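Student:
There are 4 protein chains.
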Amino acid sequence: MTRAERKKAELRREIIDASFECFAKHGYHATGIADIATTLGIGHGTFYRYFENKRDIIDHVIDDLIAKIISALAVENAPDAANTLDEYRAQVGRIAEALPRIFFDDPRIPRVLLFETTGVDADLTGRMLDLLDQSASLTAAYLHHGVECGYLRADLDVDNTAQAVNGMMLASAIHGLRADSSVDCAALNQAISRLMFDGIRAENA
Amino acid sequence: MTRAERKKAELRREIIDASFECFAKHGYHATGIADIATTLGIGHGTFYRYFENKRDIIDHVIDDLIAKIISALAVENAPDAANTLDEYRAQVGRIAEALPRIFFDDPRIPRVLLFETTGVDADLTGRMLDLLDQSASLTAAYLHHGVECGYLRADLDVDNTAQAVNGMMLASAIHGLRADSSVDCAALNQAISRLMFDGIRAENA
Amino acid sequence: MTRAERKKAELRREIIDASFECFAKHGYHATGIADIATTLGIGHGTFYRYFENKRDIIDHVIDDLIAKIISALAVENAPDAANTLDEYRAQVGRIAEALPRIFFDDPRIPRVLLFETTGVDADLTGRMLDLLDQSASLTAAYLHHGVECGYLRADLDVDNTAQAVNGMMLASAIHGLRADSSVDCAALNQAISRLMFDGIRAENA
Amino acid sequence: MTRAERKKAELRREIIDASFECFAKHGYHATGIADIATTLGIGHGTFYRYFENKRDIIDHVIDDLIAKIISALAVENAPDAANTLDEYRAQVGRIAEALPRIFFDDPRIPRVLLFETTGVDADLTGRMLDLLDQSASLTAAYLHHGVECGYLRADLDVDNTAQAVNGMMLASAIHGLRADSSVDCAALNQAISRLMFDGIRAENA
DNA sequence: CATGAATGAGCCTTCATTCAT
DNA sequence: TATGAATGAAGGCTCATTCAT
Numbered sequence: 001m002t003r004a005e006r007k008k009a010e011l012r013r014e015i016i017d018a019s020f021e022c023f024a025k026h027g028y029h030a031t032g033i034a035d036i037a038t039t040l041g042i043g044h045g046t047f048y049r050y051f052e053n054k055r056d057i058i059d060h061v062i063d064d065l066i067a068k069i070i071s072a073l074a075v076e077n078a079p080d081a082a083n084t085l086d087e088y089r090a091q092v093g094r095i096a097e098a099l100p101r102i103f104f105d106d107p108r109i110p111r112v113l114l115f116e117t118t119g120v121d122a123d124l125t126g127r128m129l130d131l132l133d134q135s136a137s138l139t140a141a142y143l144h145h146g147v148e149c150g151y152l153r154a155d156l157d158v159d160n161t162a163q164a165v166n167g168m169m170l171a172s173a174i175h176g177l178r179a180d181s182s183v184d185c186a187a188l189n190q191a192i193s194r195l196m197f198d199g200i201r202a203e204n205a
Numbered sequence: 001m002t003r004a005e006r007k008k009a010e011l012r013r014e015i016i017d018a019s020f021e022c023f024a025k026h027g028y029h030a031t032g033i034a035d036i037a038t039t040l041g042i043g044h045g046t047f048y049r050y051f052e053n054k055r056d057i058i059d060h061v062i063d064d065l066i067a068k069i070i071s072a073l074a075v076e077n078a079p080d081a082a083n084t085l086d087e088y089r090a091q092v093g094r095i096a097e098a099l100p101r102i103f104f105d106d107p108r109i110p111r112v113l114l115f116e117t118t119g120v121d122a123d124l125t126g127r128m129l130d131l132l133d134q135s136a137s138l139t140a141a142y143l144h145h146g147v148e149c150g151y152l153r154a155d156l157d158v159d160n161t162a163q164a165v166n167g168m169m170l171a172s173a174i175h176g177l178r179a180d181s182s183v184d185c186a187a188l189n190q191a192i193s194r195l196m197f198d199g200i201r202a203e204n205a
Numbered sequence: 001m002t003r004a005e006r007k008k009a010e011l012r013r014e015i016i017d018a019s020f021e022c023f024a025k026h027g028y029h030a031t032g033i034a035d036i037a038t039t040l041g042i043g044h045g046t047f048y049r050y051f052e053n054k055r056d057i058i059d060h061v062i063d064d065l066i067a068k069i070i071s072a073l074a075v076e077n078a079p080d081a082a083n084t085l086d087e088y089r090a091q092v093g094r095i096a097e098a099l100p101r102i103f104f105d106d107p108r109i110p111r112v113l114l115f116e117t118t119g120v121d122a123d124l125t126g127r128m129l130d131l132l133d134q135s136a137s138l139t140a141a142y143l144h145h146g147v148e149c150g151y152l153r154a155d156l157d158v159d160n161t162a163q164a165v166n167g168m169m170l171a172s173a174i175h176g177l178r179a180d181s182s183v184d185c186a187a188l189n190q191a192i193s194r195l196m197f198d199g200i201r202a203e204n205a
Numbered sequence: 001m002t003r004a005e006r007k008k009a010e011l012r013r014e015i016i017d018a019s020f021e022c023f024a025k026h027g028y029h030a031t032g033i034a035d036i037a038t039t040l041g042i043g044h045g046t047f048y049r050y051f052e053n054k055r056d057i058i059d060h061v062i063d064d065l066i067a068k069i070i071s072a073l074a075v076e077n078a079p080d081a082a083n084t085l086d087e088y089r090a091q092v093g094r095i096a097e098a099l100p101r102i103f104f105d106d107p108r109i110p111r112v113l114l115f116e117t118t119g120v121d122a123d124l125t126g127r128m129l130d131l132l133d134q135s136a137s138l139t140a141a142y143l144h145h146g147v148e149c150g151y152l153r154a155d156l157d158v159d160n161t162a163q164a165v166n167g168m169m170l171a172s173a174i175h176g177l178r179a180d181s182s183v184d185c186a187a188l189n190q191a192i193s194r195l196m197f198d199g200i201r202a203e204n205a
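Residue numbers (the numbering used here), protein chains in the order written: chain A, 1 to 205; chain B, 1 to 205; chain C, 1 to 205; chain D, 1 to 205.
Have a look at this one:
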């Protein structure tokens, strides 16, 4: 890669980052190409040398965020890493910590991912929903493995339960967004974990 | 109420409905006042006799949707109506049916409520988040009652669990939105219910 | 005149007055028909039963103001009433008091007459200029009589001097408009009078 | 100054000039931004690259006109240049020629200055009145000097007389505006001059 | 006759995009 | 290649005017 190519890739990177910042701060619609360019200190004509149009950039911003999340989850164990309930519990605990670490450390990520992907386009909304589906599929893989290993209910409706669990993670992400989110979300994760494994029913009920 | 007042209220109603339709079909930003007026076959100046401006109307559309949901849930039993686990299970089942009935029968409702309330305004996003909070509070009331009656775990973290349950309902709502949602969502509701009461752990694990 | 006709004429009168008030307070362009109607507590459709359109009303407002001024000046002596310089001086003094009495007592009159007759229409501007011309003609008649009687310079350029004098009265009217017009305009009138009769030159110059 | 900057300043200049033309021909309110742009053969969006909004441009048009007038008067002698009555008379004559030269050569100048500055804004009207005040102040300086030198009446009410003289100049400006102003205004200037210095009284009266 | 609901021409303004420099 | 001047489609909003009630 020549030096010029490297600089080009670098600026492309910076435009994506600046766009992300602007979208997070003011929203997609309230952000102008000029705002993004000004943030970077470049001419706004330059933007169009790197991206097709305004619609184009948000796709790349989202791509970027998805990649970030996937890489953050990838460091965790694979779906088939847990062979006992306790191991699985620990695994879930690790995942339940990893996701908020991303979302909570930079609330702009869930904000853009959840709030700016809707209200633009059917396509973009679809991408966000696809992401949720993929997340559910991943969870389903975990659950499936647990059923096979026998530490999860044999009659578990894997796919639908995965969606339900997905919803709880969504709740966690949204919870982290609220302004008064100084409360740590560990308690919420704990509650989710207990709910998943034990349900809410009293022992003797 | 005079006849003129009735007609006025009626048109106001129709403008809200037409706006809802437009927002659901094309989104808030892609909808022009002219679109709303054309949908109704009225002049676009007429719109401004009934609502302050474009931003104003979506508030009223949302108000309307919230009212619809609340009235749909209001027919269900109060939080303290269930005194045993089985009664509560039945209650949850009824609620789990009522909500999708609204959302599934008219997918435009969750679409507007979830997707068009973001990307407009911090205020409007806040209203949506508040609605989620209220929903969680209501769930918390149910759970709280269950703990007091003894049919739910005494050590249940009521508030956080309520948020988790809220997330599952959110997943259900989103699930109902997908284009290929011909699948009935009864299975998802069932899975949520099982998850809530029994957890996912195998009996012997 | 029937009772109905009297009421009609009366409302017509009130609309003119209300329009005058609105024009004086907010200006012609910033005044809407609705403002005028609201001032009177009538429906704004009613306006159109009495006047053709918005452009029409200002003509009548101006007509009204002109009539007011003329009637105020009419009480003064006719151009040929003065036969000596002292009589003329006294006459000028009376006129110089009458005009400000109208303008100063109700500054809305000169404001509308001078400021709202321009910036609407060439026609309306023309009417205002015609009014100035008529005023100059009247002054010229006074001067002409004075020359004939011999108490004014025989070589006086009657018409142009009349215009100059007119300008001084204009200055007086504008002077009375300024916000800080608490200063009495008697001094200005005095200065105008001295200038007219004696000029500004030192005796011995 | 770079070439780009020069072109930018030039277009700015042209926009001001075109606006002046439009305002003079149709008035401020009847002129649309599109009219100004069309006059120049530029896109109307370009206008907004140079001026904030419609209200902004008229301020600059007026600034321009005021600058023109001041520079035209600046070539004349300073207030303290005349030391005898004859010198002063000559000075007044020069000024009396300079002003009409601007106003008469381009009647659009007094038209915009006098007629389009009212009926827009209290601010703009105020600016016009301030200009009249400044003009009166300048005249007062001339008169003051004359009194001190002894060639003007010692008991001259300098400030109020200055306002009166101002009014005569105003009359002159307005006189030059009339459509039938083919008559040269030298006669009016002459009349004003005679009135100022000699008054209208007959020698022997 | 009075009313005010309805109308739509028309305006100002924004901003994504293009392209000459 | 970077720039930013120029553009004009697009849209929100106002308000004078009409007309059915």
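Idealized CB from N, CA, C, for every residue including glycine.
Note that the structure is predicted; figures quoted are calculated from it, not measured.
Give every residue of the same chain whose Cβ lies closer than 8 Å to the Cβ of D/A154, excluding the five residues on either side of it in the sequence, and list them in chain order.
Tutor: By 1-based counting over the fourth sequence, the position of residue 154 of chain D is 154. If we look at D/A154 and ignore the five residues flanking it on each side, its Cβ neighbours are V147.
Student: Can you check which of these residues, B/V92, B/F115 and B/A191, is closest to B/I58 by C-alpha distance?
Tutor: Locating residue 58 of chain B in the second sequence gives position 58, counting from the first residue. It is B/F115.
Student: Taking Cβ to Cβ, would you say C/L85 is nearer than 9 Å to C/Y151?
Tutor: The residue given as residue 85 of chain C occupies position 85 in the third sequence. The residue given as residue 151 of chain C occupies position 151 in the third sequence. Between C/L85 and C/Y151, the C-beta spacing is below 9 Å.
Student: Report all residues from its chain with a CB closer than 8 Å to the CB of D/E21; omit the five preceding and five following residues, and keep chain order.
Tutor: Position 21 of the fourth sequence, counting from 1, holds the residue named residue 21 of chain D. The residues are T39 and R108.
Student: Can A/Y28 and A/V120 be called in contact, C-beta distance under 9 Å?
Tutor: As a first step, residue 28 of chain A must be located in the first sequence, where it is residue number 28. As a first step, residue 120 of chain A must be located in the first sequence, where it is residue number 120. In this structure, A/V120 lies closer than 9 Å to A/Y28 by Cβ.
Student: When DSSP builds the beta bridges, which residues end up paired with A/R201?
Tutor: Your numbering for residue 201 of chain A matches position 201 in the first sequence. For A/R201, which the question treats as bridged, DSSP gives the partners B/L152.
Student: With 9 Å as the threshold, decide whether the Cβ of D/D106 is near any Cβ in chain C.
Tutor: For the purposes of this step, residue 106 of chain D is taken as residue 106 along the fourth sequence, with counting starting at 1. For D/D106, the answer is no, since every Cβ of chain C falls outside 9 Å of its Cβ.
Student: With respect to the alpha helix (DSSP H) encompassing D/F20, which residues constitute its N-terminal and C-terminal limits?
Tutor: Stepping through the fourth sequence from its first residue, residue 20 of chain D is reached at position 20. Run containing D/F20: R3 to H26, per the alpha helix (DSSP H) assignment.
Student: Mind checking which residues open and close the alpha helix (DSSP H) that includes A/R93?
Tutor: Translated into the one-based positions of the first sequence, residue 93 of chain A becomes position 93. A small fix is needed here, since residue 93 of chain A is Gly in this sequence, not Arg. Looking at the DSSP string, the run of the alpha helix (DSSP H) that includes A/G93 is L85 to D105.
Student: For A/I192, which residues from the same chain have a beta carbon less than 6 Å from its beta carbon, with the 5 sequence-adjacent residues on both sides left out?
Tutor: As a position in the first sequence, residue 192 of chain A is number 192, starting the count at 1. Once the five neighbours on either side are set aside, the close Cβ partners of A/I192 are M168.
Student: Using a 10 Å radius around the Cβ and a threshold of 16 neighbouring Cβ atoms, would you call C/Y48 buried or exposed?
Tutor: Residue 48 of chain C sits at position 48 when you count from the first residue of the third sequence. Looking at its Cβ environment, which holds fewer than 16 other Cβ atoms inside 10 Å, C/Y48 is exposed.
Student: Which class does C/T39 belong to by DSSP, given the choice of helix, strand or coil?
Tutor: Taking the third sequence and counting its residues from 1, the one referred to as residue 39 of chain C is at position 39. C/T39 falls in the helix class under three-state DSSP.
Student: Could you give the first and the last residue of the continuous alpha helix (DSSP H) run that contains B/L238?
Tutor: What is shown of chain B runs 1 to 205, which leaves residue 238 of chain B out entirely.
Student: Please list the partners that A/F115 has in chain B, where partner means a Cβ-to-Cβ separation under 7 Å.
Tutor: Walking along the first sequence from the start, residue 115 of chain A turns up at place 115. Within 7 Å Cβ-Cβ: T118, G119 and T125.
Student: Should the segment 130-146 of chain D be regarded as contacting the segment 130-148 of chain C, the criterion being three or more beta carbon pairs within less than 8 Å?
Tutor: Counting C-beta pairs closer than 8 Å gives fewer than three between the segment 130-146 of chain D and the segment 130-148 of chain C, which falls short of the contact rule.
Student: Excluding the 5 residues flanking A/M207 on each side, which residues of the same chain have their C-beta closer than 6 Å to its C-beta?
Tutor: Outside the displayed span of chain A (1 to 205) sits residue 207 of chain A, for which this structure offers no information.
Student: What residues from chain D crowd round C/H29, counting only those whose CB sits closer than 7 Å?
Tutor: On the third sequence, position 29 is the one that residue 29 of chain C refers to. In chain order: H29 and G119.
Student: Taking 9 Å as the cut-off, decide whether the C-beta atoms of B/A171 and A/A122 are in contact.
Tutor: Your numbering for residue 171 of chain B matches position 171 in the second sequence. Your numbering for residue 122 of chain A matches position 122 in the first sequence. Contact: no.
Student: Looking only at its own chain, which residues have a Cβ that is under 6 Å from the Cβ of A/S19, when we skip the five neighbours before and after it?
Tutor: Your numbering for residue 19 of chain A matches position 19 in the first sequence. Result list for A/S19: I36, I57 and V61, in chain order.
Student: Taking CB distances under 9 Å as the criterion, tell me whether C/G227 reaches chain D.
Tutor: Chain C is shown only over 1 to 205; residue 227 of chain C falls outside these bounds and no answer can be derived.
Student: Which class does D/D121 belong to by DSSP, given the choice of helix, strand or coil?
Tutor: Translated into positions along the fourth sequence, residue 121 of chain D becomes position 121. Coil at D/D121, not helix or strand.
Student: Can you grab the Cα-Cα spacing for the pair C/R89 / C/L156, in whole Å?
Tutor: Locating residue 89 of chain C in the third sequence gives position 89, where the first residue counts as 1. Locating residue 156 of chain C in the third sequence gives position 156, where the first residue counts as 1. Roughly 17 Å separates the two Cα atoms.
Student: Quick one: is B/S172 near chain A, going by C-beta distance under 9 Å?
Tutor: Taking the first residue of the second sequence as position 1, residue 172 of chain B is located at position 172. Chain A, which has a Cβ nearer than 9 Å to the Cβ of B/S172, makes this yes.
Student: In the structure shown, what three-state DSSP assignment does C/L114 receive?
Tutor: Position 114 of the third sequence, counting from 1, holds the residue named residue 114 of chain C. The three-state secondary structure of C/L114, taken from DSSP, is helix.
Student: At a CB-CB cut-off below 9 Å, which residues of chain B make contact with A/T46?
Tutor: Start at 1 with the first residue of the first sequence, and residue 46 of chain A comes out as number 46. Those do not exist, as A/T46 stays about 26 Å from chain B at its closest Cβ, beyond 9 Å.
Student: Can you check which of these residues, A/R178, A/D64, A/A98 and A/I95, is closest to A/R111 by C-alpha distance?
Tutor: Position 111 of the first sequence, counted from the first residue, corresponds to residue 111 of chain A. The shortest Cα separation from A/R111 among A/R178, A/D64, A/A98 and A/I95 belongs to A/R178.
Student: Between B/A202 and chain A, is there a C-beta pair that is closer than 9 Å?
Tutor: As a working note, residue 202 of chain B is residue 202 in the second sequence. So, interface residue.
Student: Quick one, which residues of the segment 44-73 of chain B are near chain A if we go by CB-CB under 8 Å, in chain order?
Tutor: none
Student: Taking a cut of 9 Å between CB atoms, which residues from the segment 189-201 of chain A lie near chain B?
Tutor: Listed by position along the chain: N189, Q190, A191, I192, R194, L195, M196, F197, D198, G199, I200 and R201.
Student: Is any beta-carbon of chain D found at less than 9 Å from that of C/D157?
Tutor: The residue given as residue 157 of chain C occupies position 157 in the third sequence. C/D157 belongs to the set of residues whose beta carbon lies under 9 Å from a beta carbon in chain D.
Student: With a threshold of 9 Å between beta carbons, is B/Q163 in contact with chain A?
Tutor: The count along the second sequence starts at 1 and reaches residue 163 of chain B at position 163. With 9 Å as the cut-off, B/Q163 counts as an interface residue toward chain A.
Student: Please classify C/R201: is it buried, with 16 or more other beta-carbons within 10 angstroms of its beta-carbon, or exposed?
Tutor: Walking along the third sequence from the start, residue 201 of chain C turns up at place 201. Classification for C/R201: buried.
Student: Would you report the Cα separation of B/T125 and B/L113, rounded to the nearest angstrom?
Tutor: Looking up residue 125 of chain B in the second sequence gives position 125. Looking up residue 113 of chain B in the second sequence gives position 113. B/L113 has its alpha-carbon roughly 10 Å from the corresponding atom of B/T125.
Student: Considering just the uninterrupted stretch of the alpha helix (DSSP H) at C/T46, what are its terminal residues?
Tutor: Taking the third sequence and counting its residues from 1, the one referred to as residue 46 of chain C is at position 46. H44 to Y50 is the span of the alpha helix (DSSP H), which, as asked, contains C/T46.
Student: Does the Cβ of C/N160 have 16 or more other Cβ atoms within 10 Å, making it buried, or fewer, making it exposed?
Tutor: The residue given as residue 160 of chain C occupies position 160 in the third sequence. Label assigned to C/N160: buried.
Student: Helix, strand or coil for A/A30? Go by DSSP, reduced to three states.
Tutor: For the purposes of this step, residue 30 of chain A is identified with residue 30 of the first sequence, where counting begins at 1. Looking at A/A30 - three-state DSSP - the assignment turns out to be coil, as it is neither helix nor strand.
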